[in-house]
Amino acid sequence: MMVAKSENAVATSSAHTSGASAPGDRSGHELHAKELKQQQRREQWSLLSLALPGALIVFFVIVIPVSWLFFLSFLGSDGEPTLQHYRKMIEYKSYARTFSTTFQVSLFTTLICIAIGYPLAYFLAQLPARWAGIFMLAVLLPFWTSLLVRTYAWLVLLQRKGILNDFAMQIGLWDSPVKLVHNMTGTLIGMAHIMLPFLVLPLYSAMRKIERDLMHAASNLGASPARAFWHIYMPLSISGMVAGSLIVFILCLGFYVTPAVLGGGKVIMVSTQITAILENQFNWGAASALGVVLLIATLLLLFVAARVFKFDAALFGKG
Amino acid sequence: MSWWQSPASDTQVTHGGRLWLYILAIIIMLLLVIPTFIVIPMSFSDSQYLEFPPSTWSMRWYHEYFGSNKWMRATWTSLRIGVLTMLVATPVGTMAAYALYVSGHRAARLIFMYMLTPMIVPVILIAIGVFYFYGRVKLNNSIAGLVLAHTALAIPLVMIIITAALRSYDLNQERVARSLGATRLKAFFVITLPQIKFSVITAALLSFLTSFDEVIVSIFVSGGKTATLTKHMFSALRDYIDPTIAAISTIMVLISTVLLLLVQLAGSRDK
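Taken in sequence, the protein lines are chains A and B.
Numbering-wise (numbering that gives the first Met the number 0), the first sequence opens with residue 0 and increments by one.
Numbering-wise (numbering that gives the first Met the number 0), the second sequence opens with residue 0 and increments by one.
Right under this line is the structure:
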């Protein structure tokens with residue numbers, strides 16, 4: 000911020016040195032300062048206008064549609080204002096089940112991601128930067144691959160006669176094919192695979208920032224490796240872990256494709272219920288209300304996250 | 000002293016004592032990568048059912064894919080929308096990122112947050128909202144409508160990448176150019192842009208991929224002749240497992256792998 004401000008001042012004053020104002024003249028100086036300020040303001044506004052096309056697109060695609068849905072969520076089928084869609088959410092059992100499924104899927108996915116992602120990020124953070132860059136491809140490659148493709152791959156891997164069942168039966172883990180897909184198990188496996196990079200990336204960058212000397216010092220002072228890890232490393236890496244977990248949790252809340260395909264109609268999340276309401280009943284009010292609740296839950300979580308620690312810094316690298 | 004006994008950490012744990020971590024990490028990385036690549040061998044199977052390893056090999060599903068009018072049209076649509084999204088989102092996002100970073104206006108931070116909303120609002124909500132709104136302004140099933148929606152989804156990505164690049168770039172250089180008489184526009188194109196160009200390329204490739212891989216908005220907003228590849232794939236997945244999808248998936252995996260490697264190369268050259 001500061002840098003940018005002084006930059007404008009430099010630019011405008013350099014334009015002015017060729018101007019006619021006489022140096023040393025007091026009133027001239029005051030005029031000069033006023034003019035400078037005006038110019039700076041004009042420049043700032045003309046710069047900001049560069050953001051206008053993008054802002055308009057976001058307005059058109061996000062603000063108008065989402066506000067419209069917000070409005071629709073308070074309208075009954077007769078077009079009269081009503082709170083019935085929200086009341087139904089409290090009264091109907093099916094809604095309660097959807098909310099609890101959504102919460103469970105998000106929570107379990109996050110926990111699985113932490114359990115798998117922490118050792119992986121730790122491993123990567125301990126490597127020399129060169130090697131870490133190469134092994135990082137294992138995280139980035141799935142991240143870049145279409146989630147539809149990955150969901151499809153899991154559908155194939157987990158099916159009754161799929162590779163996983165074959166393999167498990169060969170090594171004697173179980174005797175007859177186990178149902179691994181079109182249920183909660185399949186959904187969680189697929190979701191964890193898709194969400195893992197969102198946890199590993201922020202966690203890895205947090206771990207990279209930990210001073211290695213601290214571990215050195217702990218060791219010098221007589222701490223065992225395990226003690227040094229639990230008392231020094233772990234607490235320092237926790238902010239990255241919380242940031243990553245929150246991203247994963249929030250993304251899970253609104254997830255659609257994977258539960259719809261791998262859940263096989265048995266795992267009803269908020270997003271799948273929204274589309275079901277639209278497809279079966281064409282009830283825009285009820286679908287919108289559910290969407291609004293989803294949005295509010297997301298925003299609340301983000302708000303809490305921003306309050307608890309510098310969330311944007313964790314997301315977008317150091318400020 | 001062998002590698003086995005040499006210290007691996009600052010707390011003098013040896014590589015041997017860390018073996019469990021290495022093995023665990025390799026298993027996890029395999030679990031990450033295998034499901035991404037498993038579709039490749041499967042796509043060359045001759046069987047109706049998906050078996051692994053395939054008992055007989057053939058190009059059957061590729062013939063099916065390249066011979067199908069439906070799949071070819073969808074692929075063409077997705078490619079067109081992806082390229083158009085890239086062409087709109089990259090300059091628009093770059094302009095916005097530059098403006099907000101350089102202006103130093105009090106509102107800049109707020110506007111930046113606003114521009115990130117497409118990333119924060121759950122996509123399902125965007126999808127049905129856009130579907131409803133487009134129904135009113137007659138943009139459903141149109142290429143323009145999809146490009147617009149995908150552009151909004153890509154803008155936050157472009158802005159994050161470009162802002163990061165501007166942060167690591169010394170803006171004083173642009174000031175020097177301007178004090179020597181260049182206009183802001185000229186200073187940007189001659190001095191700044193060449194130095195952040197690999198980030199711009201990364202942003203462009205990512206916005207293409209954002210559009211090309213996008214599923215949910217496409218399911219709602221595209222249809223008929225403008226149905227995208229992902230829309231057809233999704234309905235095929237929900238109803239039955241069509242091995243043609245393995246062939247298409249293979250092509251999609253190859254595209255993203257190539258793009259990722261390009262970006263990695265570009266990224267290492269920007270520094």
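Heads up, the beta-carbon is just placed ideally off N, CA and C, and yes, glycines get one too.
Bear in mind that the values here come from a model prediction, so they are computed numbers and not experimental data.
Compare the C-beta of Ser20/A with all C-beta atoms of chain B and state if any pair is closer than 7 Å.
-> Residue confidence is low: Ser20/A scores 45 on pLDDT, short of 50, so the model does not pin down where it sits. Its coordinate-derived value is still stated next. No, no contact with chain B.
Tell me, please, whether the CB atom of Pro40/B is closer than 7 Å to any CB atom in chain A?
-> Proximity of Pro40/B to chain A, defined by a Cβ-Cβ separation below 7 Å, is not satisfied.
Pick out the complete alpha helix (DSSP H) segments inside the segment 58 to 111 of chain B, 4 residues or longer, and give them in chain order.
-> The DSSP assignment places 59 to 66 and 68 to 102 as complete runs of the alpha helix (DSSP H) inside the segment 58 to 111 of chain B, in order along the chain (cut-off: 4 residues).
Given a cut-off of 7 Å, decide if Thr191/B and Glu173/B are closer than it, judged by their beta-carbon atoms.
-> Annotated as proximal: Glu173/B and Thr191/B, with beta-carbon spacing under 7 Å.
Between the CA atoms of Gln272/A and Ser255/B - distance to the nearest angstrom | In a straight line, the C-alpha of Ser255/B is about 31 Å away from that of Gln272/A.
Where in the segment 199 to 254 of chain B do unbroken runs of the beta strand (DSSP E), each at least 3 residues long, occur, reported from the N-terminal end onward?
-> Taking 3 residues as the minimum length, the segment 199 to 254 of chain B contains no beta strand (DSSP E) run wholly inside it.
Who pairs with Pro80/A in a beta bridge, going by DSSP?
-> Note: Pro80/A sits in a beta bridge opposite Leu74/A.
Three-pair Cβ contact test at 8 Å for the segment 60 to 72 of chain A versus the segment 115 to 126 of chain B | Touching, per the Cβ criterion.
Would you please state the rounded distance, in angstroms, between the beta carbons of Gly253/A and Ser72/A? I believe it to be under 8 Å.
-> 16 Å between Cβ atoms; not a contact.
Tell me the DSSP bridge mates of Trp56/B?
-> According to DSSP, Trp56/B bridges with Ser44/B.
Quick check: the segment 132 to 146 of chain B against the segment 191 to 204 of chain B, are there 3 or more CB pairs under 8 Å?
-> The segment 132 to 146 of chain B vs the segment 191 to 204 of chain B: no contact.
Who are the near neighbours of Leu99/B in its chain, counting only those whose CB is closer than 7 Å to its CB and skipping five residues on each side?
-> Counting only Cβ-Cβ distances below 7 Å, and skipping sequence neighbours, we find Ala107, Ile110 and Phe111.
Of all the CB atoms in chain B, is at least one closer than 7 Å to the CB of His215/A?
-> At a cut-off of 7 Å between beta-carbon atoms, His215/A makes contact with chain B.
Helix, strand or coil for Gln263/B, going by three-state DSSP, please let me know.
-> Collapsing the DSSP output to three states places Gln263/B in a helix.
Check whether the Cβ of Phe254/A lies closer than 6 Å to any heavy atom of the ligand FMN, and answer yes or no.
-> For the ligand FMN, the structure offers nothing, since it holds no ligand at all.
What do you get for Asp9/B, buried or exposed, if any count of 16 or more other CB atoms within 10 angstroms of its CB means buried?
-> By the neighbour-count criterion, in which a residue is buried when 16 or more other Cβ atoms sit within 10 angstroms of its Cβ, Asp9/B is buried.
Assigned secondary structure, Pro6/B (DSSP; H/G/I helix, E/B strand, else coil) | Residue state, collapsed to three classes: strand.
Residues of its chain near Leu154/A, where Cβ-Cβ distance is below 7 Å and the 5 sequence neighbours each way are ignored = Result list for Leu154/A: Val180, Val260 and Leu261, in chain order.
Val256/A vs Leu139/A beta-carbon contact at 7 Å = Not in contact: Val256/A and Leu139/A (Cβ atoms no closer than 7 Å).
Report the residues of the segment 87 to 121 of chain A with a CB closer than 9 Å to any CB of chain B, ordered along the chain.
-> Under the 9 Å Cβ criterion, the segment 87 to 121 of chain A contributes Ile115, Gly116, Pro118, Leu119 and Tyr121.
Which residues, in order along the segment 144 to 159 of chain A, keep a beta-carbon less than 9 Å from a beta-carbon of chain B?
-> Correct list: Thr144, Ser145, Leu146, Leu147, Val148, Arg149, Thr150, Tyr151, Ala152, Trp153, Leu154, Val155, Leu156 and Gln158.
Anticipated Cβ contact below 8 Å, Ser102/B with Leu47/A, distance rounded = At roughly 5 Å, the Cβ-Cβ gap stays under 8 Å, so Ser102/B and Leu47/A are in contact.
Every unbroken beta strand (DSSP E) inside the segment 44 to 127 of chain A [3 residues or more] | Complete beta strand (DSSP E) runs here, min 3: none at all.
Residue environment, Gly290/A, which counts as buried when at least 16 other CB atoms sit within 10 Å | Buried.
Candidates Lys230/B, Ser54/B, Gly128/B and Ser57/B, of which the one nearest Leu294/A by Cα | Checking every option, the nearest Cα to that of Leu294/A belongs to Gly128/B.
According to DSSP, residues forming a beta bridge with Thr13/B | Answer is Pro6/B, bridged to Thr13/B.
Answer yes if the segment 104 to 113 of chain A comes into contact with the segment 185 to 196 of chain A, meaning at least three C-beta pairs across the two stretches below 8 Å, and no otherwise.
-> Yes, the segment 185 to 196 of chain A touches the segment 104 to 113 of chain A.
Output yes or no for whether 7 Å exceeds the beta carbon distance between Tyr64/B and Thr249/B.
-> Contact flag unset, no.
8 Å Cβ shell around Val12/B - same chain, five flanking residues per side excluded | Excluding sequence neighbours, Val12/B sits near Pro6.
For the segment 102 to 123 of chain B, which residues have a beta carbon sitting closer than 8 Å to at least one beta carbon of chain A?
-> Here the close residues are Ser102, Gly103, His104, Ala106, Ala107, Ile110, Tyr113, Met114, Thr116, Pro117, Ile119, Val120, Pro121, Val122 and Ile123.
Limits of the unbroken alpha helix (DSSP H) element including Phe132/B | Looking at the DSSP string, the run of the alpha helix (DSSP H) that includes Phe132/B is Val122 to Val136.
Contacts of His148/B in chain A (Cβ-Cβ under 8 Å) | The sequence shown places Ala at residue 148/B, not His. Contact of Ala148/B with chain A by beta-carbon distance below 8 Å involves Val60.
Nearest residue (CA-CA) to Ser42/B, options Val175/B, Pro34/B and Pro53/B = Nearest in C-alpha terms to Ser42/B, of all of Val175/B, Pro34/B and Pro53/B, is Pro53/B.
Counted within 10 angstroms of its Cβ, other Cβ atoms place Phe188/B as buried (16 or more) or exposed | Phe188/B comes out exposed.
With 7 Å set as the bound, which would you pick, yes or no: does the beta-carbon of Leu78/B sit closer than that to a beta-carbon of chain A?
-> Not one chain A Cβ lies under 7 Å of Leu78/B.
Of the listed residues Leu259/B, Val252/B and Val262/B, nearest to Ile37/B (C-alpha basis) | With distances taken between Cα atoms, Ile37/B lies closest to Val252/B.
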